[in-house]
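Taken in order, the sequence shown gives residues 1 to 555; the numbers are from the numbering used here.
Reading through the structure tokens given below for one structure.
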Amino acid sequence: MKSDQVKAGIERAPHRALFKAIGYTDQEIKRPLIGIANAANQVIPGHAHLDTVAAAVKTGIYMAGGTPIEFGTIGVCDGIAMNHTGMKYSLGSRELIADSIEIMAIAHAFDALVLVPNCDKIVPGMLMAAARLDLPAIVVSGGPMLAGEHPTCAGDKVDLISVFEAVGAVKAGRMSEEELAAIEEAACPTCGSCSGMFTANSMNCLSEAIGMALPGNGTIPAVFAARTRLAKQAGMRVVELAREGITPRQIMTPAAFRNALTVDMALGCSTNTVLHLTALAHEAGVPMGLDMINTVSGQTPHLCSLSPGGTHHIENLHRAGGISAVLKQLDAGGLIDASCITVGSATVADTIAAAVVRDDEVIRPLTRPHHATGGLAVLFGNLAPEGCVVKQTAVREEMLRHKGPARVFESEEDASRAIMAGEIRKGDVVVIRYEGPMGGPGMREMLTPTSAIAGMGLDAHVALITDGRFSGGTRGAAIGHISPEAMQGGPLAVVREGEMIAIDIPAKTISLELPGEEIENRLQSWQPPAPKITTGYMARYARQVASAAQGAIVS
């Protein structure tokens, strides 16, 4: 056992003495030592209950003959960090989470890991650590929140995005503040990751699709007893993984990444999955370029219309059969490599053999998809030579092709003020720059301006493009991750007010209607603005981070 480095032989008597100081017995010390990375805290709704999940994991580990050793990791609530300086720190926390788990696992010679995340950057950060360490590991998340009941429209559901969009409706005079307050009270009725196919649930579902979590991990609601049982099963299974020597890099193969991307397209996941899967592939040593996303999207029908692009929520997906049922539908069309292994010590084919679609409106058949192609698209052009990303299934039909004048803003705050003040007109293309990984720094999510546009009824008329990124809850013609970013001297840096921008999502193009020579002349005289943060972690992050096209990894 790897843990023999800290417990075997007379030379390790001091080490054993320290374990005994915590209360471990000789019998416990002799067993496989299983680290539990528990991201519980009392600021993220999706993490407030993770101590309960971790306790069930410990029970499972003990039942299987291992010894659980729990430690903590940080986590940021993107919703609470939204639209202020705090959001600059969210994406950067992904790297800190991966690094801290690496440190703990190596320093204490754990034999295996159970990763207990739930929300946006914590899930990919933990998966990145698993790939980097290549120790036997399994993910068991906290599970999704239930959707809320609309306070006045019986049978309708509300979620966090309903609140963000309601703010825009109030600003536009389309809703009263009293109606907003009622939606605020109803939108988040339980603990768990926010209830739509936003970033957290996207990554939890993809952890299952890529083979790093047991069936149900992506969809069993946080408040269901089945979540506790799943955690016990994960604890039992990780001890077996340690004995069998099955590690993340044996699971997260090129074929497994393609499976994950295929499920991503079928579900209509968050654009942030592009960042996180690219970064995870880097850690796993698997090549994955942005062009692969368009290839997979072009071959994969969009089967599930989940909030924010549709009316269903994760609880509906769970009742309809979950990720296993989605995989089975895709496998029937030859779109999945069912020979890939999973943490369940079975192939995907074994895992989905008994899966059943229980509601073919929530998980549609291949013959009746919502869209013929997948949820995401990568656009290229003179504004984004290295690419940019859009959730095409959440874009209104009339905005799939759009040309309009640039309304240029140097920050999210400036753009949000203009939108809320009614300064944006139908046909405009809102440009927000210097919000990328380096320029932000931290590549802030921009749910506030996109929700305001939608809430004010402008999502059928206005596009928003940025080198920043969007929440998984964003809908509309919101195009992010423009690479290279403005701070790196990308063409976005030299766009001027009123210049025409053409967007063609079906053709996968985005362009500034200027001659290439003019763009090049402007870039030659361009000078980067002063950094927005000059001390602390994010100042170091800005100096080391790569472009969004590379997953915003830190070298």
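All C-beta atoms, glycine included, are put in the ideal place defined by N, C-alpha and C.
Return helix, strand or coil for residue i, following the three-state DSSP convention.
i: GLU70; result: strand
i: ILE44; result: coil
i: GLY480; result: strand
i: PRO385; result: strand
i: THR85; result: helix
i: ARG349; result: Checking the sequence, you will find Ala at residue 349 rather than Arg. Looking at ALA349 - three-state DSSP - the assignment turns out to be helix.
i: PHE380; result: strand
i: PRO308; result: coil
i: LEU33; result: strand
i: ILE106; result: helix
i: THR466; result: strand
i: GLU423; result: coil
i: HIS313; result: coil
i: ALA542; result: helix
i: HIS371; result: strand
Does the distance from the C-beta atom of residue i to that of residue j stay below 8 Å?
i: SER202; j: THR273; result: yes
i: GLY457; j: ALA172; result: yes
i: SER3; j: PHE71; result: no
i: VAL116; j: VAL43; result: no
i: THR219; j: LEU317; result: yes
i: MET236; j: MET63; result: yes
i: ILE510; j: CYS388; result: yes
i: GLY374; j: HIS302; result: yes
i: MET252; j: GLY309; result: no
i: LYS508; j: ALA377; result: yes
i: ALA421; j: ILE432; result: no
i: ILE482; j: ILE465; result: yes
i: ALA546; j: GLU485; result: no
i: MET443; j: GLN488; result: no
i: LYS88; j: ILE533; result: yes
i: ALA406; j: VAL429; result: yes
i: PHE257; j: ALA281; result: yes
i: VAL408; j: VAL495; result: yes
i: ILE293; j: LEU330; result: no
Whose CA, out of the options, lies closest to the CA of residue i?
i: ARG132; options: LEU146, ALA98, LEU160; result: ALA98
i: LYS426; options: ALA225, HIS461, TYR24; result: HIS461
i: SER324; options: SER307, SER339, ALA349, THR300; result: ALA349
i: LEU275; options: PRO117, GLU177, ARG469, ALA154; result: ARG469
i: VAL139; options: CYS153, VAL158, CYS119, GLY155; result: CYS119
i: PRO506; options: HIS371, ALA226, PRO144; result: HIS371
i: PHE224; options: VAL53, ALA284, VAL343; result: VAL53
i: THR562; options: VAL163, ALA222, ALA181, GLU184; result: Here the chain comprises residues numbered 1 to 555, so residue 562 is not present and cannot be evaluated.
i: LEU447; options: PRO301, ILE419, PRO437; result: ILE419
i: ARG358; options: THR347, CYS340, THR367, ALA320; result: ALA320
i: PRO144; options: ALA234, GLU423, GLY46; result: GLY46
i: LEU366; options: SER411, ASP459, ALA266; result: ALA266
i: VAL478; options: LEU514, SER345, HIS402, ASN83; result: As written in the sequence, residue 478 is Ala, which differs from the Val given in the question. Of LEU514, SER345, HIS402, ASN83, the residue nearest in Cα terms is HIS402.
i: PRO215; options: PHE198, ALA187, GLU386, LEU327; result: LEU327
i: PHE198; options: GLY298, ASP51, GLU445, ILE101; result: GLU445
i: ASN259; options: GLY66, GLN233, LEU180, THR342; result: THR342
i: ALA39; options: ILE101, VAL238, GLU179; result: ILE101
i: GLY436; options: ILE22, GLN550, ILE10; result: GLN550
i: ALA169; options: ALA486, PRO14, GLY473, ASP459; result: ASP459
i: LEU160; options: ARG540, THR152, GLU361, GLY192; result: GLY192
i: THR247; options: ALA200, SER345, ALA147; result: SER345
i: GLY455; options: GLU518, ILE183, GLU165, MET288; result: GLU165
i: LEU113; options: LYS157, ALA154, PRO68, SER305; result: PRO68
i: LEU91; options: LEU180, ILE74, ALA107, MET399; result: ILE74
i: THR85; options: PRO441, GLU497, GLY289; result: PRO441
i: GLU517; options: GLY334, CYS205, ALA129, ASN382; result: ASN382
May I ask you to list the residues that DSSP assigns as paired with residue i?
i: PRO144; result: SER193
i: ASN38; result: GLY72, VAL116
i: SER511; result: ALA502
i: GLU149; result: LYS157
i: VAL431; result: VAL408, ILE465
i: ALA548; result: Note: ALA548 sits in no beta bridge, so no partner.
i: HIS302; result: HIS371
i: ALA213; result: VAL139
If I follow the unbroken beta strand (DSSP E) through residue i, where does it start and stop?
i: PHE409; result: 401-409
i: ASP504; result: 500-504
i: ILE138; result: 137-139
Got a sec, what are the start and stop residues for the alpha helix (DSSP H) residue i sits in?
i: LEU267; result: 254-267
i: GLU179; result: 177-186
i: GLY173; result: Note, GLY173: premise wrong, no alpha helix (DSSP H); not H, not E.
i: ALA51; result: Strictly speaking, residue 51 in this sequence is Asp, with Ala absent from that position. Its alpha helix (DSSP H) spans residues 50-63.
i: THR534; result: Per DSSP, THR534 belongs to no alpha helix (DSSP H) and is neither H nor E.
i: PHE19; result: 13-22
i: PRO124; result: 122-133
Is residue i near the ligand GDP, judged by its Cβ being under 7 Å from some heavy atom?
i: VAL348; result: Although the ligand GDP was asked about, the structure shown includes no ligands whatsoever.
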